[in-house]
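Here is the structure we will look at.
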Amino acid sequence: AAATRYEAENATISQGLVESNHAGYSGTGFVNYDNLTGGYVQFTVNAASAGTAAITLRYANGTTVNRPMTIAVNGTAVSANLAFNGTGAWTTWASTTVSAPVNAGSNTIRATATTANGGPNLDYVDVEVTTGGGGGTP
Ligand code: GCU
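Position 91 (the sequence shown) corresponds to 118 in full-length UniProt numbering; numbering is contiguous.
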């Protein structure tokens, strides 16, 4: 299936603000995480069927210091302290992808900052679900 885009500015935000002062974002803005540990953006994502989701997070980090976040799906961490390294400028956006199992129907994807610098600026997640049963070579 094609990826579905979920804009961060439409997600549930804890300890962050929607802003639009750095160009290059998709939609109407991005989330600027507060500079603290524990802020998060949580997306509600629908999957037509259970499978493996490729979760692509688009972000900018105008510092030279990694802004790691833990990615959790349905409350379970699937990638701890995933790196969101410096992108060179707040207007330079990059993407990183993680894979995780998802259920049929509604799922939550939460990206939580794990250092005192907070998360990067987060633009969106793209989610593409691949189901099993492709009949490939065992
Ligand atoms: C700057 C920048 C913000 C960014 C922040 C940060 O203030 O303009 O977009 O979120 O730094 O360091 O988190």
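C-beta atoms are modelled at their ideal positions from N, C-alpha and C, and glycine is treated no differently.
Other residues of its chain near residue i: CB distance less than 7 Å, five sequence neighbours each side excluded
{"i": "residue 125", "result": "82, 98, 105, 106 and 109"}
{"i": "residue 116", "result": "89"}
{"i": "residue 141", "result": "64, 95, 96, 97 and 108"}
{"i": "residue 73", "result": "132 and 133"}
{"i": "residue 138", "result": "67, 68, 84, 96, 98, 146 and 149"}
Contacts around residue i, its chain only, beta-carbon distance under 6 Å, and the 5 residues preceding and following it disregarded
{"i": "residue 70", "result": "33, 38, 136 and 152"}
{"i": "residue 42", "result": "61 and 66"}
{"i": "residue 47", "result": "56"}
{"i": "residue 84", "result": "123 and 152"}
{"i": "residue 53", "result": "150 and 151"}
{"i": "residue 113", "result": "88, 90 and 91"}
{"i": "residue 145", "result": "60, 61, 62, 63 and 66"}
{"i": "residue 51", "result": "118 and 120"}
Residue of the options minimising C-alpha distance to residue i
{"i": "residue 118", "options": "150, 146, 141 and 29", "result": "150"}
{"i": "residue 166", "options": "142, 75 and 120", "result": "Coverage of the chain is limited to positions 28 through 165, which leaves residue 166 absent and any answer about it impossible."}
{"i": "residue 49", "options": "141, 94 and 147", "result": "147"}
{"i": "residue 129", "options": "139, 114, 121 and 158", "result": "158"}
{"i": "residue 134", "options": "112, 91, 155 and 87", "result": "155"}
{"i": "residue 30", "options": "80, 142, 68 and 40", "result": "80"}
Residues near residue i in its chain [Cβ-Cβ closer than 8 Å; skip 5 each side]
{"i": "residue 44", "result": "58, 59 and 61"}
{"i": "residue 78", "result": "128, 129, 156, 157, 158 and 159"}
{"i": "residue 143", "result": "62, 63 and 64"}
{"i": "residue 36", "result": "45, 54, 55, 56, 57 and 58"}
Residue i Cβ short of 7 Å to ligand 3 heavy atom set
{"i": "residue 118", "result": "This structure simply doesn't include ligand 3; it includes ligand 1 instead."}
Discussion item. For the structure I just gave you, are there three or more beta carbon pairs, one from the segment 47 to 61 and one from the segment 102 to 115, closer than 8 Å?
Written reply: no
Worksheet item: Which residues, in chain order, sit with a beta-carbon under 7 Å away from any heavy atom of ligand 1?
Response: 46, 48, 49, 59, 60, 62, 89, 90, 117, 144, 145 and 148
Worksheet item: Going along the chain, which unbroken runs of the beta strand (DSSP E) with 3 or more residues stay wholly within the UniProt domain "CBM6" (31 to 155)?
Response: 31 to 34, 39 to 41, 43 to 46, 57 to 60, 67 to 74, 78 to 87, 96 to 100, 103 to 109, 121 to 129 and 132 to 140
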